[in-house]
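S.K.: What follows is a single structure, and I will ask about it in a moment.
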Amino acid sequence: PPGTALDVPAARRAPRARRLVDPGAPAVLPPPPPSEEEEVARLQEARALYKEYFVRIKQATGGGRADLKAMSEVGASGLKCCEGRHVGSLPGMPPGTEFHNRAEMQVCGMHRKWLSGIDYRPAKDGEEAVATALVSSGGYEDDEDDGDELWYTGSGGNDLLSSRRQTGAQKLEKGNLALKNNLESGTPVRLLRYVGEVPPERSYSQRLFIYDGLYAVTDYKYEVGARQHGVFKFKLVRCAGQPPLRKEASAKLHQRLVDLAHRDGTAGERHRVS
């Protein structure tokens with residue numbers, strides 16, 4: 001229309017700026033990915049730095065979410081390891097590796113979700129979302145865990161910040177959908193278990209998680225849970241060829257299941273203790 005830029009005669013239009021390219025300039029290539037040795041070195045440095053910040057902040061503040069503040073400090077330092085959401089095992093973190101809280105897992109790239117138990121790689125470029133790591137912490141009443149095999153309760157509908165009980169039905173979305181895709185694609189997932197509170201000499205945070213290795217998703221179902229809400233449950237089987245579960249983790253697991261069985265009569269029948 002008249003009066004717009006499109007009405008200006010071609011001869012009067014300002015010429016577009018052209019980008020001058022030096023044909024003799026060397027091509028700028030992205031840096032090569034770090035080697036496994038470099039990844040392990042970064043991991044060790046990140047864990048040492050996180051512990052240093054955590055202890056210093058906890059001593060200065062008496063607590064005050066030292067875990068989150070230490071994680072932020074490591075991020076501000078520019079030190080990065082295992083960037084992205086990797087599927088399978090990670091360099092320098094074999095089965096049996098200990099972690100002292102969820103923030104340390106995030107710093108190391110083992111599990112990058114702060115609250116949710118299911119960490120997953122979102123769908124991208126035509127690839128479906130898949131779960132990369134799980135934390136089994138006893139936060140769901142419907143979990144059934146025998147060590148090498150377990151029925152892992154999906155995410156959603158749980159009051160994780162208060163009663164830790166199921167308050168609504170779960171949906172086949174986000175982490176739950178990703179775990180279903182693991183089943184269909186045969187993609188294994190890393191599993192970490194919360195051992196519990198331990199003495200200060202055992203853990204600088206007095207909490208302990210243990211990475212128990214890779215597990216295959218072999219089945220899933222949707223059923224009414226202990227609180228009469230629909231929940232997804234995924235059967236996980238430990239992949240062969242890995243070191244056996246640590247005795248410390250097995251003993252803690254057994255005691256936790258006994259405690260869960262006696263904590264609530266409606267949930268007790270749903271927990272198997274081996």
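Numbering (UniProt numbering) for the sequence shown: 1 to 274. By construction, the Cβ of each residue, glycine as well, lies at the ideal position given by its N, Cα and C atoms.
Just reading off the beta strand (DSSP E) that Asp119 is part of, what are its end residues?
M.R.: Ile118 to Arg121
S.K.: Can you tell me which of the three DSSP states Val36 falls into?
M.R.: According to the sequence shown, residue 36 is Glu rather than Val. Reduced to three states, the DSSP call for Glu36 is helix.
S.K.: Within a Cβ cutoff of 8 Å, which residues of the same chain sit near Leu79, ignoring the five residues on either side of it in sequence?
M.R.: Contacts found: Arg42, Glu45, Ala46 and Leu49.
S.K.: Alpha helix (DSSP H) containing Asp67: first to last residue?
M.R.: Ala66 to Ala76
S.K.: Would Phe209 and Val135 qualify as a contact pair, given that the criterion is a beta-carbon distance under 9 Å?
M.R.: Remark: C-beta atoms of Phe209 and Val135 approach each other more closely than 9 Å.
S.K.: Which partner residues of Thr153 appear in the DSSP bridge assignment?
M.R.: Lys233
S.K.: Give the single residue among Trp151, Ala60, Gly88 and Lys51 whose Cα lies nearest to the Cα of Tyr220.
M.R.: Trp151
S.K.: For His100, collect the residues of the same chain with a Cβ closer than 7 Å to its Cβ; drop the 5 residues on either side in sequence, then sort them by chain order.
M.R.: Ser203, Tyr204, Ser205, Arg207 and Leu208
S.K.: In the DSSP assignment, the beta strand (DSSP E) including Lys221 goes from what residue to what residue?
M.R.: Arg207 to Val224
S.K.: On the DSSP letters alone, give me the boundaries of the beta strand (DSSP E) that Val130 sits inside.
M.R.: Val130 to Ser136
S.K.: Ser72 to Ala60, Cα distance in whole Å?
M.R.: 16 Å
S.K.: Once DSSP output is grouped into helix, strand and coil, what is the label at Gly175?
M.R.: helix
S.K.: Tell me whether Lys180 sits in a helix, a strand or coil according to DSSP, three-state version.
M.R.: helix
S.K.: So is Val107 buried or exposed if we call it buried at 16+ other beta carbons inside 10 Å?
M.R.: Burial call: buried.
S.K.: Helix, strand or coil for Val87? Go by DSSP, reduced to three states.
M.R.: DSSP, reduced to helix, strand and coil, places Val87 outside both helices and strands of the structure shown, so it counts as coil.
S.K.: By Cβ distance below 7 Å, which residues in the same chain neighbour Tyr57 in space, the five residues on each side in sequence not counted?
M.R.: Per the sequence presented here, residue 57 reads as Ile, with Tyr not at that position. Within the same chain, Ile57 has close Cβ partners Ala66, Lys69 and Ala70.
S.K.: Would you report the Cα separation of Tyr53 and Arg102, rounded to the nearest angstrom?
M.R.: 15 Å
S.K.: If you reduce the DSSP assignment to three classes, tell me which class Leu43 lands in.
M.R.: In the displayed model, Leu43 falls within a helix according to three-state DSSP.
S.K.: What number of angstroms, rounded off, separates the C-alpha of Ala267 from the C-alpha of Ala226?
M.R.: Low confidence applies here, because Ala267 scores a pLDDT of 38, under 50, leaving its location unreliable; read the following figure in that light. Those two C-alpha atoms are separated by around 6 Å.
S.K.: CA-CA distance, Arg190 and Trp114?
M.R.: 16 Å
S.K.: Could you tell me if Ser185 is buried or exposed, where buried requires 16 or more neighbouring beta carbons within 10 angstroms of its beta carbon?
M.R.: exposed
S.K.: Where does Pro95 fall in DSSP's three states?
M.R.: coil
S.K.: Assuming contact is defined by CB atoms lying nearer than 9 Å, are Gly154 and Leu179 in contact in what I supplied?
M.R.: yes
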